[in-house]
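**Q**
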Amino acid sequence: MTTPTYRGRFAPSPTGSLHFGSLVAAVGSFLDARHYSGEWLVRIEDLDRTREVAGAASSILNSLENFGFYWDGEITYQSHRTDLYAEVVDRLLSLGLAYPCSCSRKTIQAQAVLGDEGPIYPGTCRSGPIDRDMQHSIRVMTQDMEITIQDRVQGSYSQNLAQEIGDFVIRRSDGFHAYQLAVVIDDAMQKITHVVRGTDLLSSSPRQRYLQQLLGFSKPNYLHLPLAIDHTGRKLSKQDKDAPVDPKHPMDSLLLALEFLRQPLPPERPTTLDELWHWSINAWRSDNISAKANYVAINPAP
Ligand code: GLU
4 MTTPTYRGRF APSPTGSLHF GSLVAAVGSF LDARHYSGEW LVRIEDLDRT REVAGAASSI
64 LNSLENFGFY WDGEITYQSH RTDLYAEVVD RLLSLGLAYP CSCSRKTIQA QAVLGDEGPI
124 YPGTCRSGPI DRDMQHSIRV MTQDMEITIQ DRVQGSYSQN LAQEIGDFVI RRSDGFHAYQ
184 LAVVIDDAMQ KITHVVRGTD LLSSSPRQRY LQQLLGFSKP NYLHLPLAID HTGRKLSKQD
244 KDAPVDPKHP MDSLLLALEF LRQPLPPERP TTLDELWHWS INAWRSDNIS AKANYVAINP
304 AP
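Under this note's numbering, the first residue of the sequence shown is numbered 4, with each subsequent residue one higher.
Below you can see the structure in the form of C-alpha cells.
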C-alpha cells in the first residue's frame with residue numbers, strides 16, 4: 004500500500020453537540036486537507052465512556068453532513084479498537100518501557116510538584132507498585148530530554164517530559180486507555196500525515212511524539228489552530244454546552260469560522276454550501292491563521 008502525501012483527520016470526542024470550537028477544528032482540518040488534494044478522515048474518540056453524552060456522536064456526524072463536509076473511508080470509533088490499544092500496552096510493558104502504578108490521585112497530589120499540566124508524577128511506582136492490591140494504572144517511562152514539535156502556526160514547541168510531566172498514564176486504573184496512547188496508535192494505523200486541531204492539544208503533542216518514537220511510528224506534521232474564547236477569555240467548550248452551532252444555518256456559522264481563521268471570504272455571499280466549499284478550498288491560506296486565541300462573539304456579553 005502506498006502512503007498518501009496528505010491524509011488528515013477530524014477526531015471529535017462525543018461529549019456534546021458540535022460547538023463553535025470543534026467546528027473551527029473541522030473547517031481547518033478539512034480545508035487544509037482538501038486544499039492540498041488530501042484525504043480527510045473522521046474518527047469518533049469515544050474512549051472514555053464516563054464522559055460520553057448519549058446521542059452526541061450521531062449529532063456531531065449529522066451536523067458535519069448538514070455543513071456539507073465529506074470524508075474518505077468509513078468512520079472509525081475508538082471504542083471498537085480497545086484490543087489494539089491493549090496489545091500496544093502489553094508491548095510497552097514487556098519492553099520495560101511502561102509499568103503498573105497503584106498511586107491514587109490523592110497520594111500523587113500529596114507528593115508531586117505541580118506543573119503546567121497538573122502534578123508531575125515523581126516516579127513512585129517505577130520499581131514496582133507500592134500497593135499490589137490496589138487497582139493500578141499503567142504509566143510510560145519518560146526520559147530527561149527535550150522533545151520539540153515544529154508547528155505550522157504555533158512555531159517550535161518543546162517540553163522535557165521527565166521534568167514537566169513525569170511518567171504519564173497510558174491506561175487508567177478504571178481500565179480505559181488514555182487519549183495520548185489511543186490517538187498515537189490511531190493516527191499511525193490510519194496513516195495520518197497531518198494533524199490539524201485546537202491549540203488546547205499543543206501541550207499534548209510532545210507526549211504523542213514521544214510515544215511515536217517509542218513505537219517506531221512516523222511523525223505527523225502538526226498545525227494547532229487558535230482557540231475560540233468568549234468575552235471573559237474562557238475557552239468555548241462543548242462540555243459547558245457553550246455555543247452549539249446551528250446546523251440549520253450552516254452558511255452563517257461557516258463564514259464565521261472562516262473569518263475566525265482569517266481566511267479570505269468570497270466577494271459575495273455564496274448561494275449554496277457547495278459554492279462556499281469550492282471557493283474556500285481554493286482560497287485556503289494556512290499562513291493567514293493567527294497563533295493567538297481569538298474572541299468570538301457567539302455568547303454576547305451580558
Ligand atoms: N478528541 C479530541 C477532542 O475532541 C481531539 C483529539 C485530536 O484531534 O487529537 O478534543
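By construction, the Cβ of each residue, glycine as well, lies at the ideal position given by its N, Cα and C atoms.
Residue 263 bridges to which residues according to DSSP?
**A** Paired residues: none, contrary to the question.
**Q** Can you tell me where the beta strand (DSSP E) holding residue 226 begins and where it ends?
**A** Residue 226 -> beta strand (DSSP E) spans 224-228.
**Q** Is the beta carbon of residue 231 within less than 8 angstroms of some heavy atom of the ligand GLU?
**A** False, no ligand heavy atom lies under 8 angstroms from that Cβ.
**Q** Decide yes or no for the touch test of the stretch 15-24 against the stretch 207-214: beta carbon pairs closer than 8 angstroms, at least 3 of them.
**A** Taking 8 angstroms as the limit for Cβ pairs, the verdict is that the stretch 207-214 does not touch the stretch 15-24.
**Q** Roughly how many whole angstroms lie between the Cα atoms of residue 16 and residue 29?
**A** Each residue's Cα considered, the two are about 12 angstroms apart.
**Q** According to DSSP, which residues form a beta bridge with residue 174?
**A** According to DSSP, which records beta bridges pairwise, residue 174 is partnered with 141, 180.
**Q** I want to check one thing, is the minimum distance from the CB of residue 203 to the heavy atoms of the ligand GLU below 8 angstroms?
**A** It does: the Cβ of residue 203 is within 8 angstroms (strictly closer) of some heavy atom of the ligand GLU.
**Q** Residue 263 to residue 32, Cα distance in whole Å?
**A** Using only the alpha carbons, I get a separation of about 14 angstroms.
**Q** Straight-line CA distance for residue 8 to residue 288?
**A** Distance between the alpha carbons of residue 8 and residue 288 is about 19 angstroms.
**Q** Can at least three beta-carbon pairs, one atom from the stretch 84-100 and one from the stretch 136-145, be found at a separation below 8 angstroms?
**A** With a cut-off of 8 angstroms, the stretch 136-145 and the stretch 84-100 count as touching, because enough Cβ pairs lie within range.
**Q** State the start and end residues of the unbroken beta strand (DSSP E) segment that holds residue 103.
**A** Per DSSP, residue 103 belongs to the beta strand (DSSP E) from 101-104.
**Q** Between the C-alpha atoms of residue 11 and residue 123, what's the straight-line distance to the nearest angstrom?
**A** So the alpha carbons of these two residues sit roughly 32 angstroms apart.
**Q** What residue range does the beta strand (DSSP E) around residue 13 cover?
**A** Taken as a continuous stretch (DSSP letters only), the beta strand (DSSP E) holding residue 13 covers 10-13.
**Q** If you measure from the CB of residue 209, is any heavy atom of the ligand GLU nearer than 8 angstroms?
**A** Because no heavy atom of the ligand GLU lies under 8 angstroms away, the Cβ of residue 209 does not count as near it: no.
**Q** Would you check if the stretch 63-82 and the stretch 273-290 touch, i.e. whether three or more CB-CB distances between them fall below 8 angstroms?
**A** Touching, per the Cβ criterion.
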